[in-house]
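Residue numbers (the numbering used here): 7 to 256.
Cβ coordinates follow ideal geometry from the N, Cα and C atoms, glycine included.
A short write-up of the structure that comes next.
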Ligand SMILES: NC(=O)c1ccc[n+]([C@@H]2O[C@H](COP(=O)([O-])OP(=O)(O)OC[C@H]3O[C@@H](n4cnc5c(N)ncnc54)[C@H](O)[C@@H]3O)[C@@H](O)[C@H]2O)c1
C-alpha cells in the first residue's frame, strides 16, 4: 500500500484525488496539508508539512509554488518521493527543484494526462520538420476563470517541445499588443483564454504557406489529471533520487 501525503488537499484537485483514492486498494491518503478550505477526506489535515508527523512514502502536491520551500525543507528526513503537479514556478524555483533531484525522486509535470504527454512527443517531431521549412508555431490555451497563472504550464511545456527541435533558438511571445510589427520568424506565440469552467484545452498550430497543421488536446474533466497523479505516485514510491517524468510512467 502506497502511503500518500496530499498537499493542497482542500483545493479542486485535492478533492478530486481524495475521491479517486476512496476505493483504491494499492494506495491511500494518510495525511493532507492545506492552510485554507474545508477538508473532504477521512485523514488528518495539517497547515504545513513541517507540522505533519505522519509516516508516508510519497507526497502529491496540487497547491501552489508558495508551498515549495515547506516541501523541500521537510521531505528529506522522511525520504518522501515527490510528485509535483503545481504550476507557475519561477526560474529560481525550477532550479531548486532540479537541485532537489539529487536527494529525492521527483516527478514534475505541468500536465498529468497520458494524451498531453504523448502529444508533447508528436509536436516535437512535427516541429523538427516544419520549423526548418519556416512554419510559424502558435499555441492557444483555454482554462477556467479561477486559474491563477497564465500561460498554463502545459502551454509552456508545448513551447519547450517546439523549441527543443531547433536547439532553443526561438523565443516565447506572450502578447502582440505592445509592438506594431510583422511577426518575427524565430518566435513561438502563446495566447491565453480564461472563462467559465473549462478544465483545460490546448491547440498547437504550425502555420505555413497555404496550410495550417493543428494539434489539439481537450480535457473534459480534472479527473484526468488526478488519475495521472495517482498512477505517478504509485510508480514513484521507493524510487532512487532523480528526475522522473510522465514518459517514465507511461
Ligand atoms: N499538473 C497538472 O496536470 C495540473 C492539473 C490541474 C491543476 N494543476 C495545478 O495544481 C495547482 C492546484 O490547482 P487547483 O485547481 O486544485 O487549485 P485550488 O486553488 O483549487 O487548490 C489549491 C489548494 O492548495 C492550498 N494551498 C496553496 N498554497 C498553499 C500553501 N503555501 N500552504 C498550504 N496550502 C496551500 C489552497 O489553500 C487550496 O486549497 C495549480 O498550480 C494548478 O495550476 C496542475
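Inset, instruction - Determine contact between the region 208-219 and the region 34-46, defined as no fewer than three beta-carbon pairs at a distance below 8 Å. - result: no
Inset, instruction - Report the three-state DSSP secondary structure of residue 246 (helix, strand or coil). - result: coil
Inset, instruction - Identify the continuous beta strand (DSSP E) that holds residue 217 and give its terminal residues. - result: Looking at the DSSP string, the run of the beta strand (DSSP E) that includes residue 217 is 217-225.
Inset, instruction - Flag this pair as touching only if the region 178-188 and the region 111-122 have three or more C-beta atom pairs under 8 Å; answer yes or no. - result: no
Inset, instruction - Could you pull the start and end residues of the beta strand (DSSP E) that residue 202 belongs to? - result: Unbroken run through residue 202: none, as it is neither H nor E.
Legend entry - Straight-line gap, residue 30 to residue 111 (C-alpha atoms, nearest Å): 23 Å
Inset, instruction - Confirm, please, whether the CB-CB distance from residue 10 to residue 47 is below 8 Å. - result: no
Legend entry - Three-way DSSP call (helix, strand, coil) for residue 23 in this model: When secondary structure is reduced to three states using DSSP, residue 23 falls in the helix class.
Inset, instruction - Ignore the nearest five residues each way along the sequence and tell me which others in residue 238's own chain have a CB closer than 6 Å to its CB. - result: Around residue 238: 89, 113 and 255.
Inset, instruction - With hydrogens ignored, establish whether the beta-carbon of residue 216 is closer than 7 Å to any heavy atom of ligand 1. - result: no
Inset, instruction - Measure the CB-CB distance between residue 19 and residue 49 and report whether it falls below 8 Å. - result: With contacts defined as CB atoms closer than 8 Å, residue 19 and residue 49 fail to qualify as a contacting pair.
Inset, instruction - Could you pull the start and end residues of the beta strand (DSSP E) that residue 38 belongs to? - result: 33-39
Legend entry - Cβ-heavy atom distance, residue 68 to ligand 1, below 7 Å: At least one heavy atom of ligand 1 is found less than 7 Å from the C-beta of residue 68.
Inset, instruction - Over the uninterrupted alpha helix (DSSP H) stretch that includes residue 142, give me the two end residues. - result: That residue, residue 142, is in no alpha helix (DSSP H); its beta strand (DSSP E) goes 142-149.
Inset, instruction - Give a single yes or no on whether residue 38 has its beta carbon closer than 7 Å to a heavy atom of ligand 1. - result: no
Legend entry - Contact under 8 Å by Cβ, residue 162 with residue 221: no
Inset, instruction - Could you tell me the boundaries of the alpha helix (DSSP H) in which residue 155 lies? - result: From DSSP, residue 155 is part of no alpha helix (DSSP H); its letter is neither H nor E.
Inset, instruction - Please confirm whether any heavy atom of ligand 1 lies closer than 7 Å to the CB of residue 153. - result: yes
Legend entry - Sequence-distant residues of the same chain with beta carbon closer than 8 Å to residue 130, five excluded per side: 167, 168, 170 and 171
Legend entry - Secondary structure of residue 114, DSSP reduced to three states: strand
Legend entry - Closest by C-alpha distance to residue 65, when choosing among 23, 13, 75 and 58: 13
Inset, instruction - Use the C-beta contact count for residue 59: other C-beta atoms within 10 angstroms, 16 or more gives buried, fewer gives exposed. - result: exposed
Inset, instruction - Compute the distance between the beta-carbons of residue 201 and residue 159, then report whether it is under 8 Å. - result: no
Inset, instruction - On the DSSP bridge assignment, give the partners of residue 213 in chain order. - result: 142 and 218
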